[in-house]
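Numbering (the UniProt record's numbering), first residue to last: 1 to 305.
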């Protein structure tokens, strides 16, 4: 199972050479940032654990990767979601379908009880308190456990830079919880190397992303630089300019996914002058399984052929 040392390829974008860290080519069950975030659990002995507990979207990449992890370790996964659309219940597809096949329990939360406790994480901590044979993984893998695999990614980037005789390096990746971006920046700062991490907020806006950083550390030296997206986009909603950007970047010969990568490259295009002042690396987000459901949604909404 290949979960480290993804290759680096080149692409041209906006008249700029971009090096792409191909984490999409890691094992398909854990491709992209989930391979890095969940590496700790894959490397650990979980023989005393009977259940993993997660939460997020019913089509989340983390749902699928956690279901694969649970199946591999022969333990149960309970994954909590706000709501499962009736259409998806009747026509399972993508990460949702694959996770069910792996034996995941996908459960709708009681919104009133969640509200009373202040949020999903607080509610799940309350109902699972005292169970030492269970592991609760915050949404998107936002936890200290993720540092293990993300530091391995950082080491690979430093090694590639040194072998390529590159000086300063800008690393860009779009963020949900910002976990990968923050732990990368933390590693580079502690190492004292000339690598700056840039990111953009795909979920909830820049203030939300800063809150996510602050839940992991109070040391602002470790905060990646957040680049403005320029307008408000709602996570998971379909935008024709996302689809157009996706088509454009896929023409480089690398397939990208349809939620994070389009906004990532829209942001790169907007800030290309700053980003290209040094060698620029983009970290592929993986998660290509999600395209199985996103592409049909785009075709239906915009009557694409």
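Glycine included, every Cβ here is placed at the ideal spot set by N, Cα and C.
Going by C-alpha positions, residue 14 is about 8 Å away from residue 272.
Bounds of any beta strand (DSSP E) do not take in residue 98; it lies within the alpha helix (DSSP H) bounded by 94 to 101.
Shown here, residue 249 sits in a helix according to DSSP, grouped into three states. Residue 304 counts as exposed, since fewer than 16 other C-beta atoms from the protein chains shown sit within 10 angstroms of its C-beta.
In the displayed model, residue 133 falls within coil according to three-state DSSP, outside both helix and strand.
Judged by their CB atoms, residue 288 and residue 257 are nearer to each other than the 8 Å cut-off. Per DSSP, the continuous alpha helix (DSSP H) segment holding residue 180 begins and ends at 179 to 191.
In this structure, the alpha-carbon of residue 162 lies about 49 Å from that of residue 115. Remark: C-beta atoms of residue 212 and residue 168 do not approach each other more closely than 8 Å. Rounded to the nearest angstrom, the Cβ distance from residue 280 to residue 170 is 5 Å, consistent with a contact under 8 Å. By the criterion of a C-beta distance shorter than 6 Å, residue 4 is surrounded in its chain by 152, once the five residues flanking it on both sides are discounted. Assigned with DSSP and collapsed to three states, residue 18 falls in strand. The beta strand (DSSP E) runs of length 3 or more contained entirely in the stretch 17 to 78 are, from start to end of the chain, 51 to 55. Annotated as proximal: residue 286 and residue 24, with beta-carbon spacing under 8 Å. Residue state for residue 199 is assigned as strand, using DSSP reduced to three classes.
The C-beta separation of residue 133 from residue 51 comes to about 7 Å, placing the pair in contact by the 8 Å criterion.
Rounded to the nearest angstrom, the Cβ distance from residue 293 to residue 94 is 4 Å, consistent with a contact under 8 Å. For residue 80, DSSP records a beta bridge to 55 and 107. Counting C-beta pairs closer than 8 Å gives three or more between the stretch 181 to 191 and the stretch 139 to 154, which meets the contact rule. The C-beta separation of residue 84 from residue 106 comes to about 7 Å, placing the pair in contact by the 8 Å criterion. Straight-line spacing of the CA atoms in residue 42 and residue 69 works out to 7 Å. For the pair residue 140 and residue 56, the CB atoms are nearer than the 8 Å cut-off. Relative to residue 174, the option among 64, 126, 8 and 226 whose CA is nearest is 226. In the structure shown, residue 175 adopts extended strand secondary structure according to DSSP, grouped into three states. For residue 9, the uninterrupted beta strand (DSSP E) segment begins and ends at 8 to 13.
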